[in-house]
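Asker:
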Amino acid sequence: SAKNPHEPEFMQAVHEVAETVIPFIESNPKYKQGNLLERMVEAERVLMFRVPWLNDKGEIQVNRGFRIEMNSAIGPYKGGLRFHPSVNLSVLKFLAFEQVFKNSLTTLPMGGGKGGSDFDPKGKSDNEVMKFCQSFMTELCRHIGPNTDVPAGDIGVGGREIGYMFGQYKRIRNEFTGVLTGKGLSYGGSLIRPEATGYGCVYFLQEMLSSRGEDLQGKVVTISGSGNVAQYACEKATQLGAKVVTMSDSSGYIYDQDGINAEKLAFIMELKNVKRGRIQEYADKYGVDFIAGKRPWGTKCDVALPCATQNELNDKEAAELVKNGCIAVAEGANMPCTPEAVEKFHKAKIFFAPGKASNAGGVATSGLEMSQNSLRYNWTSEEVDEKLHNIMKDIHQQCVKYGCDEKGFVDYVKGANIAGFVKVADAMIAQGAV
Ligand code: NDP
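The opening residue of the sequence shown carries number 19 in full-length UniProt numbering; numbering runs sequentially from there.
See the structure below:
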C-alpha cells in the first residue's frame, strides 16, 4: 500500500484475490516463478487526461478522464467506462484488476482494462452529454482500437453515451471498426448485449441452486439498483418464476410485495432509460412503499442480488439477510459486498457468487459482439443467449473445480480467483518478462 497511497478500493480488491491465490501459488511450484502476482497488480499503462467541454450556457467545464490498461496477456484490453462523480484512480484500478480475472473466466481472449470520468451525467442535457463524450473520445481515441483496447459501458454509460463516443471515434480515425461494445443494433451492436449482465447473473444463480436441487420457482428476490444490470436481473428472475420485491437507486428503495412483474418492469425501464427519473415515482404510481435513504437488505428474501455499486452491502446487512433465511447472494455489481459481509455468508454456508464470476456475462457478450464485428455477421438472439448461457455454466464449473472443499462446500471466491489467475499466469509465463 506504500506504492498506492489513498487507493482503498484497489487495495480491497487485491487483498481479496491475494488471500486465495497466494496459498495456491505456494502449493503449485510452477506459479512461483516470475513474480506473477507482483506483475499483475501493476497496470501495464495508466492514462489520465483533461476533458474540457462546453455546457449549455457556453461555459467551459473540466473533468478528468482515465483509462487503466491493466493486463493484455490473453487478449486486447477490455472493460467498461464509468461516468460517475465518485470515479477516481482507486475505483478504476480496482475495477480493472477485477476485470483481468473476470475476462479470463469467460473463456474468451480478452485482457483487462477499465476507464471513465468523474463527469456526472445526472441533470445534464443530451447536448451536454454529447459534448462531453466527444471531448472524452478526442483524447481516448489515440489509445484504443479494435486490436488494442475495446471499452464498453458501465455505471452512467449506456447506449446513448456509447453512440456519441463511437461517432466521434469514427470521425477522427476514419474507420468503422468494433472499437467499442454495447453499440446500438443499427451500427454493429449485438442482440442480448443489454440483457447480458443481468441474465448471466441469474443463469449463474440457477447453476448454484441446481447443485442442491433447487430452482427459482416461488423464490422471493431482493435487488438493489434499477439500472442496466438490475433491470435484466429482475426480468430473468421473474421469467424463471421468482418474485422480485425490491429495486433501488441512490435515493432509496421501493418494496412491492406483489412482485415487479413484466408490466411494472417496463415502467421502470421507461422511467430510468428514457425519462431518467427517480425510482420513487414507481411507489407513487403503484401505491407501494418507498423507503428513502435506505438499502433493501433488511427485507426478508430467499435470494439477494446487489446490482448497484461497490461496498453497498456491509456485514450488519449480511447478518440480517442470513437471519432472515436468505440462501443465496449473487453479485450483479462489482464488489458490492464488503469483505466482512462475504465472511458472514461463508460462515453461514449460504451460496455466495462474487461479481467476477456472476456478472461476467456482460463482458462475455461484449466478446461475442467483437467476434460478430470481425466476422461482419450477426447472430440471432437465440444464438447469443445460448452462448451466454453456456459461458455462465462453464464459469460455474471452473469455480467448482478450484473452489470445492472436501465436504463439498464451494467457495466461489476462491474458485473464481484461482481459475481466473491460472489462464493469465500461463500466458504471462509463456511470454516472458513483459
Ligand atoms: P447503471 O448506471 O445502469 O445503473 C446503476 C444503478 O446503481 C442505478 O440505479 C444507480 O442509482 C445505482 N447506483 C450507482 N451508484 C450508486 C451509489 N453510489 N449508491 C447507490 N446507488 C448507486 O449501471 P449498471 O447497471 O451498468 O452497473 C451496475 C453495477 O454493475 C456496477 O457495479 C457495474 O460495474 C456492474 N457491472 C455492469 C456491467 C454492465 O454490463 N453494465 C457488467 C458487469 C458489471 P442512481 O441512478 O441514483 O445513480
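Glycine included, every Cβ here is placed at the ideal spot set by N, Cα and C.
With distances taken Cα to Cα, identify the nearest neighbour of Met287 among Asn246, Ile162, Asn121.
Answerer: If you number the sequence shown from 1, residue 287 lands on position 269. Comparing Cα positions, the closest option is Asn246.
Asker: Tell me which residues share the same chain as Ser244 and place their Cβ nearer than 7 angstroms to its Cβ, disregarding the 5 neighbours each side in the sequence.
Answerer: As a position in the sequence shown, residue 244 is number 226, starting the count at 1. Hits under 7 angstroms: Met265, Ser266, Asp267, Ile286, Lys290, Ile297.
Asker: Could you tell me the alpha carbon to alpha carbon distance between Gly216 and Asn53, rounded to whole angstroms?
Answerer: Stepping through the sequence shown from its first residue, residue 216 is reached at position 198. Stepping through the sequence shown from its first residue, residue 53 is reached at position 35. Cα to Cα, the separation comes out at about 36 angstroms.
Asker: Considering only DSSP beta bridges, list what Asp307 is partnered with.
Answerer: In the sequence shown, residue 307 corresponds to position 289, counting from 1. Paired residues: Tyr273.
Asker: Mapping DSSP to helix, strand and coil, what is Ala114?
Answerer: What you label residue 114 is simply residue 96 of the sequence shown in a count that begins at 1. Three-state DSSP puts Ala114 in a helix.
Asker: Rounded to the nearest angstrom, what separates Trp71 and Leu126 at their Cα positions?
Answerer: As a first step, residue 71 must be located in the sequence shown, where it is residue number 53. As a first step, residue 126 must be located in the sequence shown, where it is residue number 108. Near 37 angstroms, if we compare the C-alpha coordinates of Leu126 and Trp71.
Asker: Would you tell me roughly how many angstroms separate the C-alpha atoms of Pro41 and Ile92, rounded to the nearest one?
Answerer: Here residue 41 refers to the residue found at position 23 when the sequence shown is read from its first residue. Here residue 92 refers to the residue found at position 74 when the sequence shown is read from its first residue. So the alpha carbons of these two residues sit roughly 23 angstroms apart.
Asker: So what's residue 453 in DSSP terms, helix, strand or just coil?
Answerer: Past the boundaries of the shown model lies residue 453; the chain is included only from 19 to 452, so the question cannot be answered.
Asker: Does the beta carbon of Ala351 fall short of 7 angstroms from some heavy atom of the ligand NDP?
Answerer: By 1-based counting over the sequence shown, the position of residue 351 is 333. For the ligand NDP, at least one heavy atom lies less than 7 angstroms from the Cβ of Ala351.
Asker: Would you mind listing the beta strand (DSSP E) stretches within the segment 140-224 that are 3+ residues and don't spill past its ends, in chain order?
Answerer: 167-170
Asker: Mind checking whether Gly163 and Val197 have CB atoms under 8 angstroms apart?
Answerer: The residue you call residue 163 lines up with position 145 of the sequence shown. The residue you call residue 197 lines up with position 179 of the sequence shown. The beta carbons of Gly163 and Val197 sit closer together than 8 angstroms.
Asker: From Glu299 to Ser19, what distance separates their C-alpha atoms?
Answerer: Numbered from its first residue, the sequence shown carries residue 299 at position 281. Numbered from its first residue, the sequence shown carries residue 19 at position 1. Using only the alpha carbons, I get a separation of about 44 angstroms.
Asker: What is the residue span of the alpha helix (DSSP H) that Glu400 lies within?
Answerer: Sequence index remark: in the sequence shown, residue 400 carries index 382 (1-based). First-last of the alpha helix (DSSP H) with Glu400: 399-421.
Asker: Between which two residues does the alpha helix (DSSP H) holding residue 454 run?
Answerer: Residue 454 cannot be examined here, being either before or after the span of the chain that is shown, 19 to 452.
Asker: Report the residue from Glu335, Gly385, Gly379 whose alpha carbon sits nearest the alpha carbon of Glu361.
Answerer: In the sequence shown, counting from the first residue as 1, residue 361 sits at position 343. Nearest C-alpha to Glu361: Glu335.
Asker: If I measure Cβ to Cβ from Lys318 and keep anything under 6 angstroms in the same chain, skipping five residues before and after, which residues do I get?
Answerer: The sequence position of residue 318 within the sequence shown is 300, counting from 1. Only Asn342 meet the Cβ criterion.
Asker: Is the distance from the Cβ of Pro314 to the Cβ of Tyr250 below 8 angstroms?
Answerer: The sequence position of residue 314 within the sequence shown is 296, counting from 1. The sequence position of residue 250 within the sequence shown is 232, counting from 1. The answer is no: Cβ separation not under 8 angstroms.
Asker: Counting only runs that start and end within the segment 239-267, where is the beta strand (DSSP E) found for 3 or more residues in a row?
Answerer: 261-267
Asker: Quick one: is Thr398 buried, meaning 16 or more other Cβ sit within 10 Å of its Cβ, or exposed?
Answerer: Sequence index remark: in the sequence shown, residue 398 carries index 380 (1-based). Counting the other Cβ atoms within 10 Å of the Cβ of Thr398 gives fewer than 16, which makes it exposed.
Asker: Which whole-angstrom value is the C-beta distance of Met410 and Tyr187, which I expect to be below 8 angstroms?
Answerer: Taking the sequence shown and counting its residues from 1, the one referred to as residue 410 is at position 392. Taking the sequence shown and counting its residues from 1, the one referred to as residue 187 is at position 169. Contact flag wrong, Cβ pair sits at about 30 angstroms.
Asker: Tell me, which residues are paired with Phe370 by DSSP?
Answerer: Looking up residue 370 in the sequence shown gives position 352. According to DSSP, which records beta bridges pairwise, Phe370 is partnered with Val347.
Asker: Secondary structure at Gln79, three-state DSSP: helix, strand or coil?
Answerer: By one-based count along the sequence shown, residue 79 stands at place 61. The answer is strand: DSSP assigns Gln79 an E or B state.
Asker: So does Asp138 have its beta carbon nearer than 7 angstroms to some heavy atom of the ligand NDP?
Answerer: Taking the sequence shown and counting its residues from 1, the one referred to as residue 138 is at position 120. No, the ligand NDP has no heavy atom inside 7 angstroms of this Cβ.
Asker: By DSSP, does Gly130 sit in helix, in strand, or in coil?
Answerer: Here residue 130 corresponds to residue number 112 of the sequence shown, with the count starting at 1. Strand.
Asker: Roughly how many angstroms lie between the CA atoms of Glu225 and Gln416, to the nearest whole one?
Answerer: Taking the first residue of the sequence shown as position 1, residue 225 is located at position 207. Taking the first residue of the sequence shown as position 1, residue 416 is located at position 398. Straight-line Cα distance between these residues: approximately 12 angstroms.
Asker: Select from Val32, Gly350, Arg100, Gly76 the residue whose C-alpha is nearest the C-alpha of Pro169.
Answerer: Your numbering for residue 169 matches position 151 in the sequence shown. Minimum Cα distance to Pro169 is reached at Arg100.
Asker: Would you say Pro169 lies against chain C (beta-carbon separation less than 8 angstroms)?
Answerer: The structure shown has no chain C; it contains just one protein chain.
Asker: Heavy atom of the ligand NDP less than 7 angstroms from the Cβ of Gly196, yes or no?
Answerer: Here the question's residue 196 lines up with position 178 in the sequence shown. Not one heavy atom of the ligand NDP falls within 7 angstroms of the beta-carbon of Gly196.
Asker: Give the secondary structure of Leu55 by DSSP, where H, G and I count as helix, E and B as strand, and everything else as coil.
Answerer: As a working mapping, residue 55 is identified with position 37 in the sequence shown. In this structure, Leu55 counts as helix in the three-state DSSP scheme.
Asker: To which residues of the same chain is Asn391 closer than 6 angstroms at the C-beta, ignoring the five residues directly before and after it?
Answerer: Counting from one through the sequence shown, the residue named residue 391 turns up at place 373. Here Asn391 has Gly196, Gly206 as same chain residues with Cβ atoms under 6 angstroms from its own Cβ, once five neighbours each way along the sequence are excluded.
Asker: What's the C-alpha gap between Glu281 and Cys252?
Answerer: Your numbering for residue 281 matches position 263 in the sequence shown. Your numbering for residue 252 matches position 234 in the sequence shown. Approximately 12 angstroms between the Cα atoms of the pair.
Asker: May I ask which residues mark the beginning and end of the beta strand (DSSP E) holding Gly97?
Answerer: Counting from 1 along the sequence shown, the entry for residue 97 is found at position 79. Where Gly97 is concerned, the enclosing beta strand (DSSP E) starts and stops at 95-101.
Asker: Kindly examine the ligand NDP and report whether one of its heavy atoms sits closer than 7 angstroms to the Cβ of His24.
Answerer: Mapped onto the sequence shown, residue 24 falls at position 6. Not under cutoff, so the answer is no.
Asker: Taking C-alpha atoms, which residue in Thr256, Leu123, Gly129 lies nearest to Pro372?
Answerer: To locate residue 372, count along the sequence shown from 1; it is residue 354. It is Leu123 whose Cα lies nearest to the Cα of Pro372.
Asker: Given 8 angstroms as the limit, is there contact between the segment 76-93 and the segment 127-141, that is, 3 or more CB pairs closer than that?
Answerer: yes
Asker: Relative to the C-alpha of Leu65, which residue among Lys50, Glu87, Met58, Glu77 is closest?
Answerer: Here residue 65 is taken as the residue at index 47 of the sequence shown, counted from 1. The shortest Cα separation from Leu65 among Lys50, Glu87, Met58, Glu77 belongs to Glu87.
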